[in-house]
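Everything below concerns the one structure shown next.
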Amino acid sequence: MELQLPLPLYKFNKEYEISFQSKEAELLFSVQQSVLDILDVESIAKFKGLIDHAGTVKGAEINLLSVNGSVLLCTMYADWEDGICECAFIPLSSSYHRVSDKLTGLQNRLSETNFELFEKSEELSEILKRYYKLSGPFIELTESLAIVPIFGDLSREKLQAIQANVFERAFRAQPDRVLLDFTSVGFIEKQDVGHLRDFIVTFKQMGMETVLIGMHPAHARILAPFKNELEINVDHSAKTAIKFWMEKENLRESR
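By my numbering, the letter at position 22 of the sequence shown is numbered 1162, and the numbering carries on one by one without gaps.
Below, the structure written as C-alpha cells:
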C-alpha cells in the first residue's frame, strides 16, 4: 500500500508494536507504543479481526481515540508486507463526521439518565436515519446513468435508510442504469445479505439495469448464492467501470 497523501499512517508488526507514525498521525492521535492504544476499546476486537484475518483492508469503519480523548470515526486501509502492516486511518468527510459527532454526543447524554433517554429517543432516531442516509447518496452522472457509492459496514438498518432515499430519487430520475459502488463497503453481515439482495432486485423491478462495481472478494462470496437470480453485471474496478459506462453514454448521446 503506497500512500503519498498527508494521512495518519502507521507501520506496526504482528504484535501491534508501532515502528513508524506519520506527523499527521501524531497530530490527530496520541503517541503510543502499540496501535491498540489509539483504538476505542469497543473497536479493538474488530480491528484485530480485520488485521489478523482479512490481510488487505479497504474502507472498513473503525473508532479511534483522538489526541483530546474523543472518539473519532475513521475508514481504515491496511496491507501487510514482509511482516509489517501499513495502516492509514482516514477521518470521514466533514458532513458525515458532523452527524457522527452529534450522534455520539446524544448517545453519551442518553445513557446518563432514563429521563433523558425518553426525552431524546426520537431525536436520536432521526439523526441515526440521517447518518445512515449519508452512507449511500444517489448521484446522477447523466440523464440515463446514476451511481450510488455506499460507505461503511452494511446492516439491515443502514440499508433501509439508504433505500428510502435512493429509491425515491431513482424513481424521479428514471435512469437506464445504476452503478452500485462497493469500494468503501466494509463488513456485510450474513444475516443481512437477504436485505441487500432485495435492495438490488428493486432496481430491476423499476426497469433499471444494475452494475455492481468496486466489489471486494468477500462481498462477491457473500452474494454468490444470488448470482443467477440477480442477473447483474459485476466489475471489480470502480474506476474502469465508471469510465466505461460514461464513455458508452457519451457515445450514445453523440449519435
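For each residue, glycine too, the CB sits at the ideal point set by N, CA and C.
Only a predicted model underlies this, so the values are computations on that prediction, with no experimental measurement involved.
Where the alpha helix (DSSP H) through residue i begins and ends
{"i": "L1299", "result": "R1296 to A1313"}
{"i": "N1373", "result": "Note, N1373: premise wrong, no alpha helix (DSSP H); beta strand (DSSP E) at N1373 to D1375."}
{"i": "N1368", "result": "K1367 to L1370"}
{"i": "L1363", "result": "P1357 to L1363"}
{"i": "L1336", "result": "V1333 to Q1345"}
{"i": "I1184", "result": "I1184 to G1189"}
N-terminal and C-terminal residue of the beta strand (DSSP E) that residue i is part of
{"i": "E1221", "result": "V1211 to E1221"}
{"i": "P1231", "result": "I1224 to P1231"}
{"i": "A1200", "result": "V1197 to L1205"}
{"i": "E1349", "result": "E1349 to I1353"}
Bridge-paired residues (DSSP) for residue i
{"i": "E1280", "result": "A1286"}
{"i": "Q1161", "result": "Y1150"}
{"i": "S1174", "result": "E1157"}
{"i": "F1291", "result": "S1324"}
{"i": "L1168", "result": "Note: L1168 sits in no beta bridge, so no partner."}
{"i": "V1181", "result": "According to DSSP, which records beta bridges pairwise, V1181 is partnered with nothing at all."}
CB contact check: residue i to chain D, cutoff 9 Å
{"i": "P1357", "result": "The question asks about chain D, but that chain is absent: this structure has only one protein chain."}
Counted within 10 angstroms of its Cβ, other Cβ atoms place residue i as buried (16 or more) or exposed
{"i": "G1354", "result": "buried"}
{"i": "S1235", "result": "Unreliable positioning characterises S1235 in this predicted model, as indicated by a pLDDT of 45, which lies under 50. The coordinate reading is nonetheless provided below. Burial call: exposed."}
{"i": "R1361", "result": "exposed"}
{"i": "F1218", "result": "Phe is not the amino acid found at residue 1218; the sequence shown has Ala there. Under this definition A1218 is a buried residue."}
{"i": "D1338", "result": "exposed"}
{"i": "A1358", "result": "exposed"}
{"i": "S1183", "result": "buried"}
{"i": "R1317", "result": "buried"}
{"i": "T1380", "result": "exposed"}
{"i": "A1304", "result": "exposed"}
{"i": "K1298", "result": "buried"}
{"i": "A1364", "result": "exposed"}
{"i": "L1167", "result": "exposed"}
{"i": "L1145", "result": "Its pLDDT being 49, under 50, L1145 is placed unreliably by the model, and nothing is read from it."}
{"i": "K1187", "result": "The sequence shown places Phe at residue 1187, not Lys. Classification for F1187: buried."}
{"i": "F1169", "result": "buried"}
Rounded Cβ spacing between residue i and residue j (contact assumed at less than 8 Å)
{"i": "C1214", "j": "K1151", "result": "Contact flag wrong, Cβ pair sits at about 17 Å."}
{"i": "G1326", "j": "A1200", "result": "4 Å"}
{"i": "I1290", "j": "G1276", "result": "5 Å"}
Closest by C-alpha distance to residue i, when choosing among the options
{"i": "P1231", "options": "L1212, E1369, V1351 and T1282", "result": "L1212"}
{"i": "T1196", "options": "A1228, D1180, I1178 and L1167", "result": "A1228"}
{"i": "K1154", "options": "L1190, G1292 and E1164", "result": "L1190"}
{"i": "E1369", "options": "E1283, D1375, T1350 and M1386", "result": "T1350"}
{"i": "E1223", "options": "D1192, S1206 and L1336", "result": "A quick correction: the sequence has Gly, not Glu, at residue 1223. Nearest option by C-alpha distance: D1192."}
{"i": "S1323", "options": "I1202, F1187, D1293 and P1148", "result": "Note that residue 1323 is Thr in the sequence shown here, rather than Ser. Checking every option, the nearest Cα to that of T1323 belongs to D1293."}
{"i": "E1157", "options": "F1169, L1176 and K1163", "result": "L1176"}
{"i": "E1371", "options": "L1167, F1343 and E1387", "result": "F1343"}
{"i": "G1387", "options": "M1348, A1313 and L1285", "result": "According to the sequence provided, residue 1387 is Glu. The question's Gly does not apply to it. Answer by Cα proximity: L1285."}
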